[in-house]
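**Q** I have a structure I would like to understand better, so I am pasting it below and will then ask my questions one at a time.
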Amino acid sequence: VALATANLYVNAIIAHEVLIFLKSCNQVIPCDPPPVKKVHWQVAAAYVFAIIVSILYYYLTLAEHNEFVKSKQNEDGSILHNIYNGIAFCLVLLVTLLIPVGYLCYVCTIIWCQHLLPSTTGRMKELAWYFFRIILVFVLTSIPGLILIMIGLWYLLYIDHWYIPIAFIFFALQSILSTMLAMTKSD
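Following this line, the structure appears as structure tokens:
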């Protein structure tokens, strides 16, 4: 969960910086790249947030597992473990997936509606392709990986599953693909 959260939020931060740059270019305002200190703080905030979400998720799933074991031992039909599972599922769905994906959709909509990336040439065309690659990697690896993790964790107590290992392959591919696509950028 931490890996998915960190990846999705870092991609959302990159999309935000691209949006700032495109708005400045559209208004013909000189725009310097973000300072290194700002980038470090943004990435650190994304990783600290991912760690906090992961710790919350860990304790929710631990409580769920303990309640599940207690209900099986006592055979009392307690549904408290389902409540913990639902809370954990909603936490991951909302915080880890919907917020960064929603923000990325917002950024794409703003860029599209305000025509911030018109028919471009030269450096702007390169930026357009870079932004497209961020979205492509985001959609093709992070979202399916997170969905597989959520499915796998939902059924963790009930069936033998293969969802989580496949999700980790998607997240490993995300890092590899992001690096490969960043290396194809000319500068």
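With the first letter of the sequence shown counted as 1, position 20 gets the number 9 in this note's numbering; the numbers rise by one all the way through. Even for Gly, the Cβ is constructed at its ideal location relative to N, Cα and C. No experiment lies behind these values; they were computed from the predicted model shown.
Please determine if the segment 3 to 12 and the segment 89 to 108 are in contact, where contact requires at least 3 C-beta pairs separated by less than 8 Å.
**A** Counting Cβ pairs under 8 Å, three or more are found: they touch.
**Q** Return yes when the Cβ of Thr130 is within less than 8 Å of the Cβ of Leu(-3), no when it is not.
**A** No, the pair does not count as a contact, with Cβ atoms beyond the cut-off.
**Q** Count the other C-beta atoms from every protein chain shown that fall within 10 angstroms of the C-beta of Val37, then say buried if there are 16 or more, exposed otherwise.
**A** Per the 10 Å Cβ criterion, exposed.
**Q** Indicate whether the contact test is met: 3 or more Cβ pairs, each with one atom in the segment 157 to 172 and one in the segment 119 to 139, closer than 8 Å.
**A** Yes, since at least three Cβ pairs between the segment 157 to 172 and the segment 119 to 139 fall closer than 8 Å, the two stretches touch.
**Q** Looking at the unbroken alpha helix (DSSP H) that takes in Val90, where does it start and where does it end?
**A** Start and end: Ile88 to Cys102.
**Q** In three-state terms, what does DSSP make of Gln31?
**A** Helix, per DSSP.
**Q** Report, in whole angstroms, the separation of the C-beta atoms of Ala(-9) and Ala33, which I expect to be a contact under 8 Å.
**A** About 14 Å separates the two Cβ atoms, so there is no contact after all.
**Q** Would you report the Cα separation of Gln103 and Leu8, rounded to the nearest angstrom?
**A** For Gln103 and Leu8, the distance between alpha carbons rounds to 11 Å.
**Q** Identify, in the order they occur along the chain, each residue of the same chain with its Cβ nearer than 7 Å to the Cβ of Ala52, setting aside the five sequence neighbours on each side.
**A** Taken in chain order, the residues that qualify are Tyr73.
**Q** Can you tell me which of the three DSSP states Pro23 falls into?
**A** Three-state result, Pro23: coil.
**Q** Taking Leu125 and Ala117 to be in contact with their CB atoms under 8 Å, please state how far apart those CB atoms are, rounded to whole angstroms.
**A** Leu125 to Ala117, Cβ: 12 Å. No contact.
**Q** Taking the alpha helix (DSSP H) that Gln163 belongs to, which residues open and close that run?
**A** Tyr152 to Met172 is the span of the alpha helix (DSSP H), which, as asked, contains Gln163.
**Q** Got a sec, what are the start and stop residues for the alpha helix (DSSP H) Phe177 sits in?
**A** This structure gives no information on residue 177, because the portion of the chain shown stretches from -10 to 176.
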